[in-house]
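Student:
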Amino acid sequence: MSDLNLLEVRDLRVSFRTDKKNTFEAVKGISFSLPLDATVALVGESGSGKSVSSLAVMGLLPPETTIIHPGSSIRFEGRELLDLPIAERRRLCGKDIAMIFQEPMSSLNPVFTVGFQIGEVLRLHLGMNRRQARARTLELLEEVGIPDPARKIDAYPSQMSGGQQQRVMIAMAIACEPKLLIADEPTTALDVTIQKQIMELIAALQQRRRMAVLFITHDLGLVGEIADRVIVMRHGEVREEGDAAQVLGDPRDAYTRALLHCRPSLDARPVRLPVIDDYLSGQMSGRMDVGAALPQRTRGYAPGDENILVVHNLAKSFFVREGLFGKREFQAVKDVSFTLPRGKTLGVVGESGSGKTTVGLTLLRLHRATGGTALFDGRDLVAMSDAEFQAYKRRIQIVFQNPYASLNPRFTVGQILLEPMRIHRIGANDAERIEHARYLLQRVGLPAHAFDRYPHEFSGGQRQRIAIARCLTMKPEILVCDESVSALDVSVQAQVLNLLQDLQDEYKMSYIFISHDLSVVKYISDRVMVMHHGSVVEMADADELYRNPQHPYTRQLLAAIPRGA
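Residue numbering for the sequence shown follows numbering that gives the first Met the number 0, starting at 0 and increasing by one per position.
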């Protein structure tokens, strides 16, 4: 091993047993090195093998179904990790090698406070007592940007936003100041300002401790700002490797070029976003500038637009218990007003906790508004009784952020699509409903045999398509998209955005598109509403707002967009 390399992976081959006779090779003989104080980015879509490679380094692959083939080598500080006893490897991976996982709610224990869980790491690996661990935990929570750490230290994961949960995971990972930090999509669920803070925090820790970082992501814009070297993976193989400037500035592989161009650009709004297959099939030039070469779509509200939804002074408060008998009011949404024309898209942006998701859930009456009006075709959704709102449920639908949690795992896709049609008596009989469900699956780009399969048999992008198809069974007029593409790979994201645009063109649906991804919001939105601490601080047509932001908070959000690619 080179004295300058902290980690060396050589000819790593990993397979999984799918049944008693068959195996699937997920990683096919990859090799790479990680210098002492460098950042190496593993880039690729879901299924490329990048996360499997990192889990192999951590020793977290399930031994009963995993085969690490002979000849594979993972050396850390000159020691062969694959030969270490389990107990020794656990000690090493807890202290000197740490990992930030992508999905915090799957990694945090819901029955313990976040302070206890961070403190447990400090007590176990650094030998701190409870008082020392609590003091250090407060420092870590403050360091990763958790608001009011003295109160949040005693909160449970379910009482924190998704972004705050991820920051807790990062605090746990850096608690022992490891020599190697593996970050598996650590900022996917974070808004741009927090993402920037987290990346700056990791960079500062790296500089102070000479910590190496293995950064796993599909966001090439982020890679360009933090990585020294980039390794592009697809189907378990390395497609391209080199210095970040070279790979991102002059990619040699068609797949790398495709990844770079699938993501929406702030400078262009093509009628259709290109996808990976467009490049690999040779339909598009690998070096083309999508902003210059593709037909563009115009956006914006027009004076003659017919408003389908008019919201005035919408408010929503939550009440938090304090002490034995007291309670405190928290205003999540404060006097929000906007209009939504038929066939148009309103983008809603803001940091975690800004109230953007609460606005969407309140319009669907999943939260009860505490003030204001929401006129849907002249009828106030807020003032309706439950019985009156029943007729409107099918007209306003929502696509949730997490496609893994929003589909019933015990239902087949066919049952998932048929259930809402039966409840709302759409279709004369089941034969007609089945025919419509199969048509919708085809419409969202899924094969006919998907009808009889279960959600766990599909990828995240396919599950999101199923969720969209379920909404379409209601033939809605308004669709609320709550971070509906934020967790998807760039190519799958492009496919879903193209699908949403096609559906809007065909059915004249109106969208409320809630997201922290400002590039995606600019691409799909006609008007953008910026929220901060529950209030609207700025609203304008998308092009005007991005070209000439008026509010300091809007300018702060736009300045935090990664532009490294």
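C-beta atoms are modelled at their ideal positions from N, C-alpha and C, and glycine is treated no differently.
Could you tell me the distance, in whole angstroms, from the CA atom of Gly-426 to the CA atom of Asp-385?
Tutor: So the two alpha carbons sit approximately 24 Å from each other.
Student: Since Glu-543 and Met-508 are thought to touch, with beta carbons under 8 Å apart, how far apart are those beta carbons, to the nearest angstrom?
Tutor: Actually they do not touch by this definition, with Cβ atoms about 24 Å apart.
Student: At the level of alpha carbons, what is the spacing between Gln-158 and Ser-105?
Tutor: Cα-Cα distance, rounded: 15 Å.
Student: Between the Cα of Ile-560 and the Cα atoms of Ser-53, Ser-72, Gly-349, which residue gives the shortest distance?
Tutor: Out of Ser-53, Ser-72, Gly-349, Gly-349 has the C-alpha closest to the C-alpha of Ile-560.
Student: Between Ala-466 and Leu-440, is the Cβ-Cβ spacing less than 8 Å?
Tutor: It is not a contact, given that the beta carbons lie outside the stated cut-off.
Student: Within this structure, are the beta carbons of Arg-130 and Leu-121 separated by less than 8 Å?
Tutor: Taking 8 Å as the Cβ cut-off, Arg-130 and Leu-121 do not qualify as a contacting pair.
Student: Tell me Ala-314's beta-bridge partners as DSSP assigns them.
Tutor: Note: Ala-314 sits in a beta bridge opposite Gly-370.
Student: Out of Ile-422, Asp-525, Leu-380, Asp-277, which has the shortest C-alpha to C-alpha gap to Tyr-254?
Tutor: The option with the nearest alpha carbon to Tyr-254 is Asp-277.
Student: For Met-538 versus Ser-353, is the C-beta spacing smaller than 8 Å?
Tutor: No, the Cβ-Cβ distance between Met-538 and Ser-353 is not below 8 Å.
Student: Please tell me whether, using a cut-off of 7 Å, the distance from the CB of Ile-73 to the nearest non-hydrogen atom of the ligand COA is below it.
Tutor: The model depicted lacks the ligand COA and carries no ligand whatsoever.
Student: Would you call the CB atoms of Leu-33 and Leu-5 closer than 8 Å?
Tutor: Contact flag set, yes.
Student: How would you call Ile-422, buried or exposed, if buried means at least 16 neighbouring beta carbons within 10 angstroms?
Tutor: Exposed, since its Cβ has fewer than 16 Cβ neighbours within 10 Å.
Student: Taking the C-alpha atoms as reference points, what is the distance between Leu-498 and Val-398?
Tutor: Approximately 13 Å, taken between the alpha carbons.
Student: For Arg-286, which residues in the same chain have their Cβ closer than 8 Å to its Cβ, ignoring the five residues on either side in sequence?
Tutor: Residue placement at Arg-286 is flagged as unreliable, the pLDDT there being 46, under the threshold of 50; a coordinate-derived value is accordingly withheld.
Student: Thinking C-alpha only, which one of Ser-71, Ile-193, Glu-7 is nearest Met-77?
Tutor: For the record, residue 77 in the displayed sequence is Gly; it is not Met. Nearest option by C-alpha distance: Glu-7.
Student: Could you tell me if Ala-373 is buried or exposed, where buried requires 16 or more neighbouring beta carbons within 10 angstroms of its beta carbon?
Tutor: Answer is buried; the Cβ neighbour count reaches 16.
Student: Looking at the secondary structure, which residues open and close the alpha helix (DSSP H) in which Asn-21 lies?
Tutor: No alpha helix (DSSP H) holds Asn-21; DSSP gives it neither H nor E.
Student: Please report how far the alpha carbon of Ile-201 lies from the alpha carbon of Leu-123, in whole angstroms.
Tutor: So the alpha carbons of these two residues sit roughly 23 Å apart.
Student: Just to confirm the assignment, what range does the alpha helix (DSSP H) spanning Phe-115 have?
Tutor: From DSSP, the alpha helix (DSSP H) with Phe-115 extends over 113-125.
Student: Can you tell me which of Ser-14, Asp-334, Leu-41 puts its alpha carbon nearest to the alpha carbon of Leu-60?
Tutor: The candidate whose alpha carbon is nearest that of Leu-60 is Ser-14.
Student: Restricting to Cα atoms, I'd like to know which of Pro-250, Ala-244, Lys-315 is closest to Arg-238.
Tutor: Closest by alpha carbon: Pro-250.
Student: Just to confirm, is the Cβ distance from Gly-43 to His-217 under 8 Å?
Tutor: For Gly-43 and His-217, yes; Cβs fall inside 8 Å.
Student: Just to confirm my understanding: we take Glu-358, look at its own chain, exclude 5 residues before and 5 after, and list those with CB closer than 7 Å. What are they?
Tutor: Checking the sequence, you will find Val at residue 358 rather than Glu. Leu-313, Val-332, Val-335, Val-347.
Student: Return the CA-CA distance between Pro-109 and Tyr-155, expressed in angstroms with no decimal places.
Tutor: Straight-line Cα distance between these residues: approximately 7 Å.
Student: For Gly-325, report the span of its beta strand (DSSP E) as first-last.
Tutor: Segment 325-340, the beta strand (DSSP E) holding Gly-325.
Student: Helix, strand or coil for Phe-410? Go by DSSP, reduced to three states.
Tutor: Three-state result, Phe-410: coil.
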